[in-house]
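Each remark here refers to the structure printed beneath this line.
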Amino acid sequence: MKKTILLSVCLVSLLTLNAQQADYIIRNGKLIDGSGNNWQYKDVAIQNNKIVAVGNLKNWKASKEIDAKGLVIAPGFIDVHAHIEGGETRNPLATNFIYDGVTTVITGNCGGSAENLKTYFNTIDSIGTSINVASLIGHNTIRKQAMGTANRNATAAEMQTMEKLAAQAMQDGAVGMSTGLIYIPGAYAPTEEIVALAKVISANGGVYSSHIRYEEDRVADAINEAIQVGRDAHIPVEISHFKVSGQNNWGRSKETIPLVINARKEGIDVTIDQYPYTASSTQLSVLLPDWVLSDGQDSIMARLKKPEIRKRVAEHSIGIIKKRGLKHFSYAVVASYRADTSFNGKSIEEINLLLGNKHNQKAEAETIIQMIEKGGAQMVYHGMGDNDVVAIMKYPFNMIASDAGIAVMGAGKPHPRAYGTNARVLGKYVREMGVISLEDAIRRMTSLPAEKFNIKNRGLIKEDYIADIVIFDENEVTDMANYTDPHQYAKGFKYIWVNGALTINEGQHNGTRKGMAIRNKN
């Protein structure tokens, strides 16, 4: 009897010694690994910052075990289109992103980025954010450094300067170059300039990500321009926040999606991203003609003081709503206006009436000009159709992106996409509407972005990959933010690890800030 007991004790001790150790083990969850494959029941072990085992881990031990029964285990989401510059210091916890399942963002989009990415990445690492940050170098940023906001083609010397800046940014860790061809000064750049810079980016292993030149009537021309850059520069292309804007263009996704499909058949690596809303968000200045916005604020103000120019600008703005078949600027809503925060959340039509002006297009156009003169505003524009949003979402080489910055709770009336982009896809378009499968949605949020932007060892639940992991309830996950009350965190995310550090624990941010700068050489 004593020998049997002794043998049992020895056997237990041996098994304990042979048990694998980890910091965390996640058990009993439905694992969706990010590849697009069907879910499976598998355990996941995390040690330090990596996934060290995936499978049946019954013999493993951990400092902390998470019971994920009834929940989904997935890679941390990668948001390929963000604008976080400036928000890192205001809210380094990046709560609007992390509560939406996002563990990594790619910033520097739409042509605008930090000028010196080496300094920027070092700043990210020193601040300590709750999310990882990669960045593109902005074409507008490069052009401003070389030639300001001049409305002309670059000289040979200026092109040489821009090419050097692009090459330096790639050496400093940029994942590619972005353009914002609707913004100043990018709007003044010919395609040839973009191709020349894209060749520099391509030679350094980067991606060309474009806010294309037109998203309304001439959207097909703009998509073809982006494809042409890919063709001529031999560079992967990402078309940002793919959409068709303007009520008069609803239904044209039937025309625009095939352009991407055909380009891929040709052998051009073109992909797209999308936010799941029918409203966009950008500057008030897009309602003005490009030519009036060159050469700095002083020049803009001087032009607008001239009655003949002011009249032409107003006529341009009025022409926009006439094309849309609208009588007023009701679709244009202020998100943030520093000159008068009482305007936040109100349309241009409403603001014009509050100012005691006549209820007509001419008076509203003048209100827009006056707001520009006082510093401009960030806007939300309601101008896309539900059917186009769904059609675009069905396209398999389409990633999910917020086009948002790091929000500060209660500040302004931002687009709700800042808080609920991924939750909205998972809740509305996967669970409620069945537009895409859960596994495919996860793929578009994880491995597809990682592959496109060459982000190593992330985007999959796989041994030796970095432990960026989300656990959520597929039946609960919901976007709570709306246009009236946008400052609401998404719900349904229970646990989130960033670089192996538990950051969301039982649905609450615990203050952990283990995010890092991701450079293209990582």
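At position 407 of the sequence shown (counting the first as 1) the number is 402 in the numbering used here, and the numbers step up by one without a gap.
Positions of the beta carbon are idealized from the N, C-alpha and C atoms, including for glycine.
Being a predicted model, the structure only gives us computed values, none of them experimental.
So, are the CB atoms of residue i and residue j less than 8 angstroms apart?
i, j, result
"Ala215", "Thr251", "yes"
"Ile263", "Ile234", "no"
"Met394", "Arg439", "yes"
"Ile522", "Met154", "Here the chain has residues from -4 to 517 only, and residue 522 is not among them."
"Pro392", "Ile267", "Rather than Pro, the amino acid found at residue 392 in this sequence is Phe. Yes; because the gap between Cβ atoms is below 8 angstroms, this pair is in contact."
"Ile456", "Val49", "yes"
"Val128", "Val170", "no"
"Asn219", "Gly181", "no"
"Ala297", "Asn91", "no"
"Pro70", "Gly502", "no"
"Thr273", "Val384", "yes"
"Asn32", "Glu434", "yes"
"Leu283", "His311", "yes"
"Gly291", "Thr144", "yes"
"Glu98", "Ile126", "Per the sequence presented here, residue 98 reads as Thr, with Glu not at that position. Going by C-beta atoms, Thr98 is nearer than 8 angstroms to Ile126."
"Tyr183", "Arg147", "yes"
"Glu83", "Ile119", "yes"
"Arg426", "Pro271", "no"
"Gln373", "Ser337", "no"
"Asp468", "Ala485", "no"
Quick one, which of the options has its alpha-carbon nearest residue i's?
i, options, result
"Ala40", "Asp62, Asn355 and Ala297", "Asp62"
"Val195", "Ala161, Ala182 and Gly225", "Ala161"
"Asp285", "Ile177, Lys489 and Gln503", "Ile177"
"Ile513", "Asp28, Ile101, Ile27 and Ala17", "Ile101"
"Glu471", "Leu421, Tyr460 and Asn500", "Leu421"
"Asp95", "Gly407, Lys159, Ser397 and Pro302", "Ser397"
"Ile491", "Val67, His76, Gln35 and Gln15", "Val67"
"Gln15", "Ser58, Asn33, Ile27 and Asp28", "Ser58"
"Gly371", "Lys389, Asp335 and Glu110", "Asp335"
"His76", "Gly181, Met404 and Ser173", "Ser173"
"Arg226", "Tyr424, Ala191 and Met511", "Ala191"
"Glu359", "Tyr424, Ser337 and Ile313", "Ile313"
"Leu88", "Glu310, Glu110, Thr124 and Glu427", "Thr124"
"Glu80", "Tyr36, Ser130, Gln35 and Ile93", "Ser130"
"Gly340", "Val329, Leu349 and Arg333", "Val329"
"Glu458", "Gly24, Arg22 and Asp28", "Asp28"
"Asp480", "Phe467, Asn500, Lys447 and Gly415", "Gly415"
"Val232", "Lys423, Ile189 and Asn244", "Ile189"
How would you write the range of the alpha helix (DSSP H) that residue i sits in, first residue to last?
i, result
"Phe488", "Per DSSP, Phe488 belongs to no alpha helix (DSSP H); it is in the beta strand (DSSP E), Phe488 to Val493."
"Gly123", "Run containing Gly123: none; DSSP gives neither H nor E here."
"Ser294", "Gln292 to Leu299"
"Met172", "Taken as a continuous stretch (DSSP letters only), Met172 belongs to no alpha helix (DSSP H), being part of the beta strand (DSSP E) at Gly171 to Gly175."
"Pro253", "Ser248 to Glu261"
"Gln140", "His134 to Met142"
"Val385", "Asp381 to Met388"
"Thr90", "Thr90 to Ile93"
"Ala77", "No alpha helix (DSSP H) contains Ala77, which DSSP labels as neither H nor E."
So, helix, strand or coil for residue i, using DSSP?
i, result
"Phe519", "Nothing can be reported for residue 519, as the shown portion of the chain is limited to -4 through 517."
"Tyr424", "helix"
"Met(-4)", "With a pLDDT of 48 at Met(-4), under the threshold of 50, the predicted position of this residue should be treated as unreliable, though the coordinate-derived value follows. Correct three-state label for Met(-4): coil."
"Asn393", "strand"
"Ala221", "helix"
"Leu26", "strand"
"Val239", "coil"
"Gly481", "Checking the sequence shown, residue 481 turns out to be Pro, not Gly. Coil."
"Gln356", "helix"
"Lys56", "strand"
"His311", "helix"
"Glu188", "helix"
"Asp435", "helix"
"Gly31", "coil"
"Cys5", "At Cys5 the pLDDT is 45, less than 50, meaning the model places this residue with poor confidence and gives no usable figure here."
"Thr118", "helix"
"Gln269", "strand"
"Thr520", "In the structure displayed, the chain extends from -4 to 517; residue 520 sits before or after that span and is not available."
"Asp38", "strand"
"Ile466", "strand"
"Ser399", "In the sequence as presented, Ser is not what sits at residue 399; that position holds Ala. Three-state result, Ala399: strand."
"Ile207", "coil"
Where do the N-terminal and C-terminal ends of the beta strand (DSSP E) with residue i fall, by residue?
i, result
"Lys180", "Reading off the sequence, residue 180 comes out as Pro, not Lys. Note, Pro180: premise wrong, no beta strand (DSSP E); not H, not E."
"Glu110", "Here Glu110 belongs to no beta strand (DSSP E), and DSSP marks it neither H nor E."
"Asn163", "Looking at the sequence itself, residue 163 is Gln, so the reference to Asn does not match. Where Gln163 is concerned, there is no enclosing beta strand (DSSP E), although the alpha helix (DSSP H) it sits in stretches over Ala151 to Asp167."
"Met374", "Gln373 to His377"
"Asn500", "Ala496 to Asn500"
"Gly415", "Taken as a continuous stretch (DSSP letters only), Gly415 belongs to no beta strand (DSSP E), being part of the alpha helix (DSSP H) at Arg412 to Arg419."
"Lys45", "Lys45 to Gly50"
"Ser331", "Ala327 to Ser331"
"Ile234", "Val232 to Ile234"
"Ala69", "Val67 to Pro70"
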